[in-house]
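In this note's numbering, the protein residues as written are 129 to 512.
The beta carbon of each residue, even a glycine, is placed where N, CA and C say it ideally should be.
Input: a single structure, listed below in structure tokens.
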């Protein structure tokens with residue numbers, strides 16, 4: 129048994145070495161990577177300048193990525209719609225008294241929560257229902273047909289107003305020529321640009337927004353609005369970028385499900401594209417910065433202060449998974465990295481220890497960016 133244990137230890141140590149001998153990482157990098165709290169995670173580190181894999185271990189193993197999956201969801205919608213896209217939802221009067229129509233763009237930013245409305249300036253759907261009630265001409269009950277808004281959002285808006293009995297709502301039949309139905313626009317709510325919605329989604333890891341954005345991409349790309357359609361759409365978009373999607377399988381688009389499966393290799397290839405594809409710039413710009421913003425604002429300051437401001441990444445955390453994927457500045461280089469630790473404990477203490485190990489590990493390779501110096505040649509002007 130002792131011989132077997134020694135052999136296994138030797139194999140593990142071999143696997144913990146850099147993928148290429150010429151790219152030697154600090155010993156402390158491997159010390160933190162070997163933390164018991166990370167429990168042998170899937171990891172890949174790539175030199176972004178030439179796509180050279182500096183180190184990888186278990187990168188092709190399919191794992192539950194947690195909210196790192198939002199990189200996929202937001203990339204899908206970024207590849208589907210323009211960054212300047214604005215979503216509008218309006219309510220219109222009709223020729224029939226007390227009858228109204230809501231026409232929407234499937235706005236993911238819509239809410240019926242006053243808290244979200246006030247804190248984040250979300251498009252507040254009850255505003256439209258209130259406008260209809262104010263134009264009901266003393267009728268006890270009004271009717272609203274709707275399209276481009278989900279039924280669940282309509283129900284939430286009615287509950288928020290506490291006027292469910294006064295408002296009868298039905299889906300507008302498919303194929304209806306709305307120009308022959310609606311008359312005057314009564315009220316309208318407008319979302320910010322798509323780039324701003326994506327920024328909020330990744331910066332604060334908003335699960336509902338990620339799901340809505342991905343499903344919007346599903347529908348806009350002509351796929352069925354279900355789990356099968358989600359998988360088909362994601363595979364279509366990623367393979368279109370040249371990203372390897374082997375084994376990818378999604379239960380949702382937010383990362384909440386532990387049944388989601390994706391490899392660190394797939395995520396790393398997407399990150400390389402996010403850095404270079406113009407359409408995906410809004411995804412790159414949306415990522416939190418270590419010790420500075422979003423879900424990374426509380427990290428690095430106490431664990432790896434030298435890395436503050438030098439790590440730009442998407443965080444992830446669900447039961448048994450702690451993950452981080454993004455970019456690390458190292459002087460003249462920028463590394464693309466993915467760490468998916470999917471065998472960590474479920475307690476807050478253990479998960480925090482896993483995050484600390486990841487942050488300290490990245491802290492061993494981060495360095496302030498080197499600003500290229502410009503050489504100027506003195507010019508002398510000869511006067512004749």
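Original post:
Taking the alpha-carbon positions, what's the residue 283 to residue 344 distance?
Top reply: 20 Å
Original post:
Taking residue 276 as the reference, which of 351, 199, 360, 306 has the closest Cα?
Top reply: 306
Subject >> Close-in-space but distant-in-sequence residues of the same chain around residue 189 (CB under 7 Å, 5 per side omitted) >> reply: 170, 391
Original post:
How big is the Cα-Cα spacing for residue 373 and residue 267?
Top reply: 56 Å
Original post:
Identify the residues that DSSP records as bridge partners of residue 329: which are they?
Top reply: The partner list for residue 329 (beta bridge, DSSP) is empty, contrary to what the question assumes.
Subject >> residue 273 - containing beta strand (DSSP E), residue span >> reply: 270 to 275
Subject >> Boundaries (first-last residue) of the alpha helix (DSSP H) holding residue 290 >> reply: First-last for residue 290: undefined, no H or E at that position.
Original post:
Looking at the structure shown, is residue 134 part of a helix, part of a strand, or coil, going by DSSP?
Top reply: The pLDDT assigned to residue 134 is 42, lower than 50, so where the model puts this residue is not dependable; a value taken from the coordinates is nonetheless given after this. Note: residue 134 maps to helix in three-state DSSP.
Original post:
With burial defined as no fewer than 16 other Cβ atoms inside 10 Å of the residue's Cβ, what is the status of residue 262: buried or exposed?
Top reply: exposed
Subject >> Alpha-carbon spacing of residue 410 relative to residue 323, whole angstroms >> reply: 6 Å
**OP:** Would you check if the region 414 to 430 and the region 463 to 472 touch, i.e. whether three or more CB-CB distances between them fall below 8 Å?
**Re:** no
Original post:
So, using beta-carbon positions, are residue 436 and residue 451 closer together than 8 Å?
Top reply: no
Subject >> Pick from 348, 321, 401 that is closest to residue 368, judged by C-alpha positions >> reply: 401
Subject >> First and last residue of the uninterrupted beta strand (DSSP E) at residue 178 >> reply: From DSSP, residue 178 is part of no beta strand (DSSP E); its letter is neither H nor E.
**OP:** Please state if the CB of residue 251 and the CB of residue 313 are separated by a distance shorter than 8 Å.
**Re:** no
Subject >> Extent of the continuous alpha helix (DSSP H) to which residue 244 belongs >> reply: 242 to 248
Subject >> Opposing strand residues paired with residue 96 [DSSP bridges] >> reply: One cannot answer for residue 96 here, as it falls past the ends of the chain, which runs 129 to 512.
Subject >> For residue 456, three-class secondary structure by DSSP >> reply: strand
Original post:
Counting contacts by CB-CB distance shorter than 8 Å, is residue 381 in contact with chain B?
Top reply: Among the chains of the structure shown, chain B does not appear; only one protein chain is present.
Original post:
Among 203, 175, 470, which one has its Cα closest to the Cα of residue 341?
Top reply: 203
Original post:
Apart from the five residues just before and just after residue 492, which ones in its own chain have a Cβ nearer than 6 Å to its Cβ?
Top reply: 154, 156, 157
Original post:
What separation, rounded to the nearest whole angstrom, lies between the Cα atoms of residue 456 and residue 377?
Top reply: 28 Å
**OP:** Assign residue 202 to one of three DSSP states: helix, strand, or coil.
**Re:** helix
Original post:
In three-state terms, what does DSSP make of residue 496?
Top reply: coil
Subject >> Nonlocal neighbours in the same chain, by C-beta distance under 7 Å from residue 150, ignoring five residues either side >> reply: Any reading at residue 150 needs caution, since the residue's pLDDT is 41, under 50, leaving its predicted position unreliable; the model's value is listed next. Within the same chain, residue 150 has no close Cβ partners at all.
**OP:** May I have the straight-line CA-CA distance separating residue 140 from residue 482, to the nearest angstrom?
**Re:** Because residue 140 sits at a pLDDT of 47, beneath the cut-off of 50, its placement in the model cannot be relied upon, and the point is left open.
Original post:
Are the beta-carbon atoms belonging to residue 353 and residue 346 less than 8 Å from one another?
Top reply: yes
**OP:** My understanding is that residue 199 touches residue 442, with C-beta atoms under 8 Å, so please give their C-beta distance in whole angstroms.
**Re:** 5 Å
Subject >> alpha helix (DSSP H) runs contained entirely in the region 390 to 443, provided each spans 4 or more residues >> reply: 392 to 404, 409 to 413
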